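Some notes on the structure that comes next.
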Amino acid sequence: METFFVPEKIWQGGGPFPHVLVLLSEYPEFRKYARAHHELLCEYGDKLGVVPEQWLHSTVQGIHHAIDAGQLDNLRVTLRDELAGMDPFQVQLGPVWPGLTAVTVAVYPEDGMAELNGRVRTAMEKVPGISLRPPEPRFWAHASLAYARSDFPDRDLNRALRALRPARVDITVGRVHLVNQYQHPDRGYYTWDIVEEVQFG
């Protein structure tokens, strides 16, 4: 694997920066799924930043610059407006994929998360002064169980993860959280303070 927190991924200004997340930490079944991988991932010591259960999430969209209180208030309103027409949807979490810089969990099907990302981007773009990174050609819905903190050969990790294969988890997504997110390269993961919960519909 290759280090995730390389200089070009370190947030300029340090944050915290507003993000919209699905808080997977709130789903006991997903916490159990993550726990099934915990012992293996922790064997890699400081090579991996293993995400603690309370910080498990799937990122819907981030803003990678500071915003003021007025913009944050506007964003609360536009998010509620854009998600008023969103219906709850079900996704399946799993399997785990060892990637180039992180150990990630697949989210399938992708349609609901892609629509959610589009609606959240629209809400953010309605607030003057908010600037977003260009959208991905195809939104990649995923969750991360660990981030690589250094470069290391991952053949054994790949094999061990494939051997685990706990049962996949079905959840219903019916809300998101607007948060102020912190990046912790020294710990190897992200944390946040909740600003507001936004229910669909």
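Plus 1 on top of the position in the sequence shown (first one is 1) and you've got this note's numbering.
Just so it is clear, CB atoms sit at the ideal spot from N, CA and C, and this is done for glycine as well.
As the structure is a computational prediction, the values presented were derived from the model and not from experiment.
Q72 and T79 have their C-alpha atoms spaced approximately 10 angstroms apart. Residue environment for A142: buried (at least 16 other C-beta atoms within 10 angstroms of its C-beta). Cβ-Cβ separation between V170 and F31: approximately 5 angstroms, consistent with a contact (criterion under 8 angstroms). Taking 3 residues as the shortest admissible run, the region 28-102 contains the following complete beta strand (DSSP E) segments, listed from N- to C-terminal end: 49-51, 59-63 and 90-99. Of Y190, F90, R77 and Q184, the smallest CA-CA separation from G16 is found for Q184.
In this structure, the beta-carbon distance from D88 to G202 falls below 9 angstroms. The DSSP-derived three-state label of S151 is coil. Around the C-beta of L101, fewer than 16 other C-beta atoms lie within 10 Å, and the residue is accordingly described as exposed. Contact between T105 and S151 does not hold, since their C-beta atoms are separated by about 18 angstroms, which reaches or exceeds 8 angstroms.
Of all alpha-carbon atoms in F5, G63 and E54, the one lying nearest the alpha-carbon of H20 is that of G63.
Going by DSSP, L22 is part of the beta strand (DSSP E) stretching over F18 to V23. Taking 9 angstroms as the cut-off, the beta carbon of V92 is found closer than this to the beta carbon of M114. Per the coordinates, the alpha-carbon of L22 lies some 11 angstroms from the alpha-carbon of T192. Contact between the region 171-181 and the region 129-141 is absent: fewer than three C-beta pairs spanning the two stretches fall below 8 angstroms. Just so you know, the alpha carbons of W12 and D187 end up roughly 13 angstroms apart. A residue is called buried once 16 or more other Cβ atoms fall within 10 Å of its Cβ, and I195, having fewer, is exposed. Assignment of beta-bridge partners to T105 by DSSP yields W98 and S145. Rounded to the nearest angstrom, the gap between the Cα atoms of R120 and V61 is 10 angstroms.
Beta-bridge partners assigned by DSSP to Q182: F18 and W193. Here Y148 is near L49, since their CB atoms are less than 9 angstroms apart.
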